[in-house]
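Undergrad: Okay, here's the structure, questions in a sec.
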Amino acid sequence: MACNLWREKLDAFVDGELPAEAEREFDAHLRACSSCAADIANRVQLKNAVKRAGRRFTPSADFRRKIEEQVLPHKRHWSRAWIPAFAAAAVVLFAAVWMLGRWTAGSSTTLFGELIDAHIATLASANPVDVVSTDQHTVKPWFEGKLPFAVNLPELTNSPFTLLGGRVTYLEQTPGAALLFQYRKHRLSVFVFQDRPQWKNVSAAGVPAQHASFWVETWSAGGLRHFVVGDTSAANVEQLSELMKSAANAK
Amino acid sequence: MVIPFSKTQRGTQRGDEFAELALPLFDSLYNFACWLAHDRSEAEDLVQEAYAKALKGFSSFQTGTNFRAWIFRILRNTFLNSRTGLAASQTIALEDEEALESVPAAVTRETPETLLFERANQETIQGATEKLALPFREVLLLADVEEMPYREIAEALGIPAGTVMSRLARARRVLRGELQDKVVRA
Numbered sequence: 000m001a002c003n004l005w006r007e008k009l010d011a012f013v014d015g016e017l018p019a020e021a022e023r024e025f026d027a028h029l030r031a032c033s034s035c036a037a038d039i040a041n042r043v044q045l046k047n048a049v050k051r052a053g054r055r056f057t058p059s060a061d062f063r064r065k066i067e068e069q070v071l072p073h074k075r076h077w078s079r080a081w082i083p084a085f086a087a088a089a090v091v092l093f094a095a096v097w098m099l100g101r102w103t104a105g106s107s108t109t110l111f112g113e114l115i116d117a118h119i120a121t122l123a124s125a126n127p128v129d130v131v132s133t134d135q136h137t138v139k140p141w142f143e144g145k146l147p148f149a150v151n152l153p154e155l156t157n158s159p160f161t162l163l164g165g166r167v168t169y170l171e172q173t174p175g176a177a178l179l180f181q182y183r184k185h186r187l188s189v190f191v192f193q194d195r196p197q198w199k200n201v202s203a204a205g206v207p208a209q210h211a212s213f214w215v216e217t218w219s220a221g222g223l224r225h226f227v228v229g230d231t232s233a234a235n236v237e238q239l240s241e242l243m244k245s246a247a248n249a250k
Numbered sequence: 000m001v002i003p004f005s006k007t008q009r010g011t012q013r014g015d016e017f018a019e020l021a022l023p024l025f026d027s028l029y030n031f032a033c034w035l036a037h038d039r040s041e042a043e044d045l046v047q048e049a050y051a052k053a054l055k056g057f058s059s060f061q062t063g064t065n066f067r068a069w070i071f072r073i074l075r076n077t078f079l080n081s082r083t084g085l086a087a088s089q090t091i092a093l094e095d096e097e098a099l100e101s102v103p104a105a106v107t108r109e110t111p112e113t114l115l116f117e118r119a120n121q122e123t124i125q126g127a128t129e130k131l132a133l134p135f136r137e138v139l140l141l142a143d144v145e146e147m148p149y150r151e152i153a154e155a156l157g158i159p160a161g162t163v164m165s166r167l168a169r170a171r172r173v174l175r176g177e178l179q180d181k182v183v184r185a
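Residue numbers (numbering that gives the first Met the number 0), protein chains in the order written: chain A, 0 to 250; chain B, 0 to 185.
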């Protein structure tokens, strides 16, 4: 390209407005043309001088504040008065949520841990149950006089579960029923206790919770607290839970 | 307690978005307004009015488009509608072309420009910039001080990009001529 054609692009080059390819070509031209190179140097110098000289006026602090108030009316209005109060409330709320979370998580975790231990101990035992029977009409009466509540057992015909039996167990120094069921080659425990206020926040969050590779479901109904523990699957634990719930409703 | 997401909060959220975009441009807008109006108190009025208009019209601003060009345009239109702005635009119409046509001759006097800019101090450059007619002064300031790309300047001033380029070339030519005269005379 002829020098006079490049001259038309001097400003665009200085302002970084040339397409990448044209810029490369211009660069090459500048290496060969001292006249254009000198012109570019001058233009860059002028641009920089204008840039420095052009930043001439600085707003006053008062005017800045005025504009900030205009742009952030609500924020400024309540920020000053309420920030400390909001901060304090946020800290208290955060602490409360954290404590509650810890307490709930802690109590659920500990409780589930204990029940899983009981379930494993049952599986490991040579005599996992004290009343050995697949018949609910044998197992239910066995608990009478041993527990301060009646243990309702589901009708398992047409279900994949088989009742193996039951025994009395203890949780936090209180007696309850431990029932053992079979599903294929797996065994699942159902624990029934009188409900307690401190278990109010214990939940499996609507679905069986997984804890140490065991599935645990729990619910409270009619003053009794049920826990179902098994290592098969969540769906399986859920299914047994539903059977137990229907048994409680039926009686 | 669950707090419903009210209209007021939605408004505040949009207000926050506006503040986030608009406040960082405050110094630039004020500087530009001073260059346009040549008067600090008038510039304050312009900036304040521009912010009020922008805040009010922010619902029509499309997120993702160029906010800087948009708010500079509001400021400039505010200025053009002010008494000083109207007077300035009338003067421009008269002196515009003839003032510019005489310039290249002055530049051809071949004083080494490096020396020229060395001698020209900040005040000289400011004086020369101030003397530029409004259409050239604003393009020069947006390109060199705000470092806006041509496309953004075109958007802010509501003119084609080609006009930005020609005005900028002329503004620089005039400026060089002015500086040359000053330095030679000194």
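Idealized CB from N, CA, C, for every residue including glycine.
Remember, predicted model here, so these are calculated numbers, not experimental data.
Going by alpha carbons, who is nearest to PHE213 (chain A) out of A:GLY165, A:SER219, A:ARG186, A:GLN197?
TA: A:ARG186
Undergrad: Quick one: residues in its chain with C-beta nearer than 8 angstroms to the C-beta of PHE148 (chain A), no 5 flanking neighbours on either side, listed in chain order?
TA: Within the same chain, PHE148 (chain A) has close Cβ partners VAL191, GLN193, GLY222, LEU223.
Undergrad: Given that VAL46 (chain B) touches chain A, what residues does it touch there, using C-beta distances under 9 angstroms?
TA: PRO58, PHE62, ILE66
Undergrad: Could you list which residues in chain B have their beta carbon closer than 9 angstroms to that of LYS46 (chain A), in chain order?
TA: One finds ALA142, ASP143, ARG171 in chain B with Cβ atoms closer than 9 angstroms to the Cβ of LYS46 (chain A), taken in chain order.
Undergrad: What three-state label does DSSP hand VAL339 (chain A) in the structure shown?
TA: Summary: the structure shown does not reach residue 339 (chain A), with chain A confined to residues 0 through 250, and so no result is reported for it.
Undergrad: Tell me which residues share the same chain as PHE25 (chain B) and place their Cβ nearer than 8 angstroms to its Cβ, disregarding the 5 neighbours each side in the sequence.
TA: VAL46
Undergrad: Would you say LEU4 (chain A) reaches chain B, if we count a Cβ-Cβ gap shorter than 8 angstroms as a contact?
TA: Taking 8 angstroms as the threshold, the shortest C-beta distance from LEU4 (chain A) to chain B does not fall below it.
Undergrad: Return the residues of the stretch 36 to 69 of chain B that lie within a Cβ-Cβ distance of less than 8 angstroms from chain A, sorted by chain order.
TA: ARG39, ALA42, GLU43, VAL46, GLN47, TYR50, ALA51, LEU54
Undergrad: For VAL138 (chain A), which of helix, strand or coil comes out of DSSP?
TA: helix
Undergrad: Ends of the beta strand (DSSP E) at PHE190 (chain A)?
TA: 185 to 193 is the span of the beta strand (DSSP E), which, as asked, contains PHE190 (chain A).
Undergrad: Use the C-beta contact count for LYS55 (chain B): other C-beta atoms within 10 angstroms, 16 or more gives buried, fewer gives exposed.
TA: exposed
Undergrad: Considering only residues of the same chain and omitting the five flanking positions on each side of PHE17 (chain B), which have a CB-CB separation below 8 angstroms?
TA: ALA53, LEU54, PHE57
Undergrad: Give a yes or no on whether the minimum CB-CB distance between ILE124 (chain B) and chain A is below 8 angstroms.
TA: yes
Undergrad: Is HIS210 (chain A) helix, strand or coil by DSSP?
TA: strand
Undergrad: Is it buried or exposed, GLN238 (chain A), if we count other Cβ atoms within 10 angstroms and call 16 or more buried?
TA: buried
Undergrad: Classify THR173 (chain A) as helix, strand or coil using the three-state DSSP reduction.
TA: strand
Undergrad: Under 9 angstroms, CB to CB, which of the residues in the stretch 28 to 42 of chain A have a partner in chain B?
TA: ALA37, ASP38, ALA40, ASN41, ARG42
Undergrad: Is DSSP giving SER58 (chain B) helix, strand or coil here?
TA: DSSP places SER58 (chain B) within a helical segment (H, G or I) once states are collapsed to three.
Undergrad: From GLY63 (chain B) to PHE78 (chain B), what does the alpha carbon distance come to, in whole angstroms?
TA: 26 angstroms
Undergrad: Between which two residues does the alpha helix (DSSP H) harbouring VAL13 (chain A) extend?
TA: It spans 9 to 13 - the alpha helix (DSSP H) in which VAL13 (chain A) sits, taken as one unbroken run.
Undergrad: What did DSSP end up calling GLY112 (chain A) once you bin it into helix, strand or coil?
TA: helix
Undergrad: If the criterion is Cβ atoms closer than 8 angstroms, does the pair ARG42 (chain A) and VAL13 (chain A) meet it?
TA: yes
Undergrad: I'd like to know whether the C-beta of ARG75 (chain A) is nearer than 8 angstroms to at least one C-beta of chain B.
TA: Low confidence applies to ARG75 (chain A): its pLDDT is 49, below 50, so where it sits in the model is not reliable, and the reading given next is rough at best. Not an interface residue.
Undergrad: Roughly how many whole angstroms lie between the Cα atoms of LEU110 (chain A) and SER202 (chain A)?
TA: 10 angstroms
Undergrad: Are the stretch 124 to 135 of chain B and the stretch 156 to 173 of chain B in contact at 8 angstroms, needing three or more beta carbon pairs?
TA: yes
Undergrad: Taking C-beta to C-beta, are LEU22 (chain B) and GLU67 (chain A) nearer than 8 angstroms?
TA: yes
Undergrad: Decide if ARG30 (chain A) is buried, meaning its Cβ has at least 16 other Cβ atoms within 10 Å, or exposed.
TA: exposed
Undergrad: Any Cβ of chain A within less than 8 angstroms of the Cβ of ALA153 (chain B)?
TA: Chain A contact via Cβ: absent.
Undergrad: Using a C-beta cutoff of 8 angstroms, does ASP180 (chain B) count as contacting chain A?
TA: no
Undergrad: Tell me which residues share the same chain as TRP141 (chain A) and place their Cβ nearer than 7 angstroms to its Cβ, disregarding the 5 neighbours each side in the sequence.
TA: VAL130, GLY165
Undergrad: Among the residues of its own chain, which have a CB less than 8 angstroms from the CB of LEU9 (chain A), if the five just before and after it don't count?
TA: CYS35, ASP38, ILE39, ARG42
Undergrad: Taking the continuous beta strand (DSSP E) assigned at LEU223 (chain A), which residues delimit it?
TA: 223 to 229
Undergrad: Hey, could you find the ends of the alpha helix (DSSP H) ARG42 (chain A) is sitting in?
TA: From DSSP, the alpha helix (DSSP H) with ARG42 (chain A) extends over 33 to 53.
Undergrad: Out of curiosity, what's the CA-to-CA distance linking ALA42 (chain B) and VAL70 (chain A)?
TA: 17 angstroms
Undergrad: Per DSSP, what kind of secondary structure is MET0 (chain B) in: helix, strand or coil?
TA: In this prediction, MET0 (chain B) scores a pLDDT of 31, lower than 50, which makes its location untrustworthy; the coordinate-derived value is nonetheless stated afterwards. If DSSP states are grouped into helix, strand and coil, MET0 (chain B) belongs with coil.
Undergrad: Cutting at 8 angstroms between CB atoms, please list the residues of its own chain near ALA123 (chain A), excluding the five before and the five after it.
TA: none
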